[in-house]
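One structure is given below, encoded as structure tokens.
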Amino acid sequence: MRSTLFLGVLIAFEGIDGSGKTTQAELLSKRLAGEGIDNEVLREPGGTKLGEGVRELLLHRTDLKINPATEFLLFSASRAQLVREKIIPLLEQDKIVILDRYFYSSIAYQGFGRGIPIEEIETVSKFATQNVVPDIVFLVDLNIETALQRRMAAGRGADRMENSEVRFFESAIGGFSYCAKKEPSRFVIVDGREPAQRISDKVFDVVMCRIKKVAEEGNAP
Ligand code: TYD
0 MRSTLFLGVL IAFEGIDGSG KTTQAELLSK RLAGEGIDNE VLREPGGTKL
50 GEGVRELLLH RTDLKINPAT EFLLFSASRA QLVREKIIPL LEQDKIVILD
100 RYFYSSIAYQ GFGRGIPIEE IETVSKFATQ NVVPDIVFLV DLNIETALQR
150 RMAAGRGADR MENSEVRFFE SAIGGFSYCA KKEPSRFVIV DGREPAQRIS
200 DKVFDVVMCR IKKVAEEGNA P
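Residue numbers 0 to 220, in numbering that gives the first Met the number 0, belong to the letters of the sequence shown in order.
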């Protein structure tokens with residue numbers, strides 16, 4: 000739990016693979032920098048040296064058999080390190096922190112996708128994150144067919160998670176909308192079929208509005 004007033008703002012992007020959330024995180028970062036606003040983009044899994052090692056295990060070591068429980072704990076381990084090593088210190092320095100995925104991905108993929116009970120995911124995630132929740136979560140909403148087409152057009156090989164069945168991604172989409180319904184004041188759903196620049200304009204407006212509010216009132220836990 001954050002305890003003191005500060006000016007840092009935590010923004011997360013969520014969505015299925017190929018939804019365009021990484022593009023949006025990067026566009027937001029550039030636009031904020033263009034306004035002279037200090038910010039950092041961190042990705043999950045990863046974002047720290049240890050986290051990048053865990054990412055390699057989770058996504059690229061296709062020779063390893065990873066049980067769903069282990070998979071969830073590895074994502075959570077990477078997250079626990081990221082929160083303590085990067086997110087909290089950056090927020091305490093009044094930085095804008097942009098996350099390319101956060102624990103909502105675990106609810107969607109490991110919970111709805113793999114069948115781990117949601118309450119267990121939520122309990123472990125609270126511990127992993129020290130209950131640091133984003134001020135805003137942008138959910139880039141896109142259907143599986145379009146996401147798959149985009150991934151194929153990009154021509155990069157699929158990682159271990161991306162090799163999952165279509166049904167898995169359908170469940171994950173259901174998981175993201177569960178999260179958005181549960182926390183409507185935190186989530187902003189953007190239409191991933193729109194041109195990237197138009198989505199970015201909307202994201203930027205919402206973020207600037209929040210930054211101004213925080214600058215006037217400070218950010219409370
Ligand atoms: P992603 O950001 O999509 O990486 P890339 O852009 O290189 O594909 O995330 C990697 C994969 O990990 C993606 O398939 C989603 C999955 N994932 C989970 O299953 N659970 C999690 O908690 C997180 C953070 C990611």
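All C-beta atoms, glycine included, are put in the ideal place defined by N, C-alpha and C. Keep in mind the model is a prediction, meaning the values are calculated, not measured.
For methionine 207, the CB stays at least 6 Å from every heavy atom of the ligand TYD. Looking at the backbone, the Cα of proline 88 and that of lysine 181 are separated by about 28 Å. The region 16-23 and the region 125-142 touch, with no fewer than 3 CB-CB distances between them shorter than 8 Å. Judged by DSSP secondary structure, aspartate 140 falls within the beta strand (DSSP E) whose first and last residues are 135-140. With contact defined as three or more Cβ pairs closer than 8 Å, the region 108-124 and the region 179-199 are not in contact. Here cysteine 178 is buried, its C-beta having at least 16 other C-beta atoms within 10 Å. Summarising the contact set, residues whose Cβ lies nearer than 5 Å to any heavy atom of the ligand TYD are, in chain order, Asp16, Glu43, Phe74, Arg100, Ser104, Ser105, Tyr108, Met160. Counting along the chain, the unbroken beta strand (DSSP E) around glutamate 13 starts and ends at 8-13.
Between the region 201-208 and the region 155-167 there are fewer than three inter-stretch CB-CB distances shorter than 8 Å, so the stretches are not counted as touching. Under the DSSP definition of a beta bridge, aspartate 99 partners with Phe12, Arg42.
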